[in-house]
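Engineer: Per the working numbering, the very first residue in the sequence shown carries number 781; after that it's consecutive.
Ideal Cβ positions, reconstructed from N, Cα and C, are used throughout, including at glycine.
Fair warning: this is a prediction, and the values are worked out from it, not measured in the lab.
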Amino acid sequence: MRQNLLKIDTPRGNLPAQVDVAIIGGGAAGIATAYALLGRGVSVAVFEKGLVAAEQSSRNWGWCRTLGRDLRELPMAKLSVDRWRNLEADTGVDAGFRQTGVEFVTDDAREMETWENWLATARALDVPARLLSAREANASHAWRGKPWIGGIRTETDGYAEPSRAIPLLAKYLMTRGVHVFQECAVNELMTEGQRVVGVRTELGTVRAGKVVLAGGAWSSLFCRRHRLSLPILRVHSTACATRPLDIGGAAPVRTPDFSLRPRDDGGAVLAKSGRGTIHIVPDLLRYGPQFISLYRARQGKVSLSFGREFFSQAWMELRYVRFGKAPFSGHRVLDPAPDMRLIAHSYSDAAAVMEGFAPGTHASAWSGVIDNTPDSIPVVSDVQHMPGLYLCTGFSGHGFSSSMGAGQCLAELIVEGRASLDIGALSHARMADGKLKPSLLY
């Protein structure tokens, strides 16, 4: 069951012959990039194979946070939260952003030490975070007893409502002259020599001086068609919405076993912290060695599954990469079934430390597909040997939160030739040698 996605009307066909920037993907990354390009004197078209934000961009937890971010992406995450905070004032778009702060709590002394080390650098970057004492951590929400030895909190973070935030922003962009097309898959790039000069969609071709690939879980397959290596593994995640209950606090909170955030309907989004399933598919065989360090760091939190996904991807890849039979119009929306065992475990874990999590409080559940890189930080950069192509993908579960900052940095890179923040650590070039340092944070 999907979240209650806000659907918007977009034109069918009537593609422009040419734009300055074509964006592949109408999720958070693509729409945020189009938003950042607005007012910079360029024409923009966004092409979405299904519906705007119908995949992971509406299935995530909705957190907008700097807390716990890998230091390599922390400045961009900070910029992103700032832009989420100011979105309604700047555009009139109510994305449901609430500045509630975000908290992590723990019963593990080693985790507290990790946060202390992170905090030393985060403060130097003007991130307003602080450690929580055991008393503060146990008073933050309606905890049963005193399960926590401490925690960490940021004051300026918060959350938005993913099922409506990106569609509403896309709708706003359309009123400002940005072209947004749904059910219009981009099947491949148009090139002249090594330079990218446009896109071939299922409804026709559009020339473009610059092309942004913001395809999320589909990005790696798209790149393989163009002999471009982009090591991404799909991780299936599951979350649920509870019926109305009082969690005793306004801030999203992460515990070692589960994570919660309030919903405007009085319920909460509940999920297992950091849990997911990796299906054994050809990409795992191809890129697996680059993910070994990450798998070891997350061992016990991700599970492996072998089944029809392997054969489905193998056949899809063969038809597309070898014979040009694009799969995108036949897979408008990735909508995997939720893992109800994870839902049951998350309820059990929550019930052990918080009142209100009886079996009858489960309202709905859904699953999404996260595009994970080997070092768990995104690719936000140009592509050196394909001039005109830019990547905004591989967010590893941080895409909704970080999209606004990523889009801003990429828009600056496209129009001005450089980003105002140092995003060198997020370059595609880092993938070349495969020696990637995995993030040990979240």
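(1) Does the distance from the C-beta atom of ALA857 to that of SER1182 stay below 8 Å?
(2) If you count every other CB in all the chains shown that lies within 10 Å of the CB of TRP923, and 16 or more means buried, which is it?
(3) Using DSSP's beta-bridge definition, name the partner residues of CYS1020.
(4) With DSSP as the reference, please indicate the residues paired to LYS990 in a beta bridge.
(5) From the DSSP output, in three-state form, read off ASN726 for me.
(6) Mind checking whether VAL960 and THR813 have CB atoms under 8 Å apart?
(7) Could you tell me whether the region 1034 to 1042 touches the region 1173 to 1180, where touching means 3 or more Cβ pairs closer than 8 Å?
(8) If distances are taken between C-alpha atoms only, which option among VAL1061, SER1128, LEU1084, ILE1123 comes closest to TRP1095?
(9) Where does GLU1097 land, buried or exposed, given buried means 16+ other C-beta within 10 angstroms?
(10) Do the region 886 to 901 and the region 1105 to 1119 meet, that is, are 3 or more Cβ pairs less than 8 Å apart?
(11) Quick one: which unbroken beta strand (DSSP E) runs of 3-plus residues sit fully inside the region 1072 to 1125? Chain order, please.
(12) Quick one: what's HIS959 bridged to in DSSP?
(13) Does DSSP classify PRO1172 as helix, strand or coil?
(14) Determine the burial state of MET1120: buried for a count of at least 16 other Cβ atoms within 10 Å of its Cβ, exposed for fewer.
(15) Taking the alpha helix (DSSP H) that VAL1159 belongs to, which residues open and close that run?
(16) Ignore the nearest five residues each way along the sequence and tell me which others in GLY806's own chain have a CB closer than 6 Å to its CB.
(17) Identify the residues that DSSP records as bridge partners of GLU941: which are they?
(18) Are the CB atoms of VAL976 and GLY938 within a distance shorter than 8 Å?
(19) Is ALA1132 buried or exposed, if buried means 16 or more other CB atoms sit within 10 Å of its CB?
(20) So is GLY931 in contact with chain D if we call contact Cβ pairs under 8 Å?
(21) Ignoring anything shorter than 3 residues, give me the beta strand (DSSP E) runs that lie fully in the region 895 to 946, in order along the chain.
(22) Any idea if ASN784 is buried or exposed, counting beta-carbon neighbours within 10 angstroms, 16 or more meaning buried?
(23) Cβ of VAL992 within 8 Å of Cβ of TYR1170?
(24) What three-state label does DSSP hand PRO791 in the structure shown?
(25) Provide the residue(s) that pair with LEU969 in DSSP beta bridges, ordered along the chain.
(26) Closest to THR1153 by CA distance: which of ALA809, PRO1011, ARG852, SER837 is it?
(27) Given a cut-off of 8 Å on the beta-carbon distance, is the pair THR871 and THR934 in contact?
(28) Roughly how many angstroms lie between the CA atoms of SER1161 and ALA1030, to the nearest whole one?
(29) Give the straight-line distance between the Cα atoms of ARG910 and SER823, rounded to the nearest whole angstrom.
(30) Have a look at HIS1125 and ALA917 and give me their C-alpha separation to the nearest angstrom.
(31) Can you find the residues in the same chain that come closer than 8 Å, C-beta to C-beta, to MET781, ignoring five residues on each side of it along the sequence?
(32) Closer than 8 Å is the cut-off here; do at least three beta carbon pairs connect the region 860 to 880 with the region 1182 to 1197?
(33) Are the CB atoms of SER837 and ILE946 within a distance shorter than 8 Å?
(34) Apply the 10 Å Cβ neighbour rule to THR955 and answer buried if 16 or more other Cβ atoms are within range, or exposed otherwise.
(35) Report the CB separation of ARG987 from GLN798 in whole angstroms; it is logged as a contact under 8 Å.
(36) Keeping to the same chain, check which residues put their C-beta closer than 7 Å to that of GLY1028; ignore five residues upstream and five downstream.
Structural biologist: A quick look at the data gives this:
(1) yes
(2) buried
(3) LEU1050, ALA1145
(4) VAL801
(5) Residue 726 cannot be examined here, being either before or after the span of the chain that is shown, 781 to 1222.
(6) no
(7) no
(8) VAL1061
(9) buried
(10) no
(11) 1082 to 1085
(12) ALA825
(13) Before going further, note that residue 1172 is Cys rather than Pro in the sequence given. The answer is strand: DSSP assigns CYS1172 an E or B state.
(14) exposed
(15) No alpha helix (DSSP H) holds VAL1159; the beta strand (DSSP E) holding it covers 1159 to 1162.
(16) VAL826, GLU828, VAL832
(17) Paired residue(s): none; GLU941 is not in a bridge.
(18) no
(19) exposed
(20) Although the question refers to chain D, the structure presented lacks it and comprises just one protein chain.
(21) 909 to 912, 930 to 934
(22) exposed
(23) yes
(24) coil
(25) VAL979
(26) PRO1011
(27) no
(28) 36 Å
(29) 43 Å
(30) 23 Å
(31) Its pLDDT being 43, under 50, MET781 is placed unreliably in this model, and the value from its coordinates should be taken loosely. Cβ within range, chain order: PRO1118, SER1144, ALA1145, TRP1146.
(32) yes
(33) yes
(34) exposed
(35) 4 Å
(36) HIS921, ALA922
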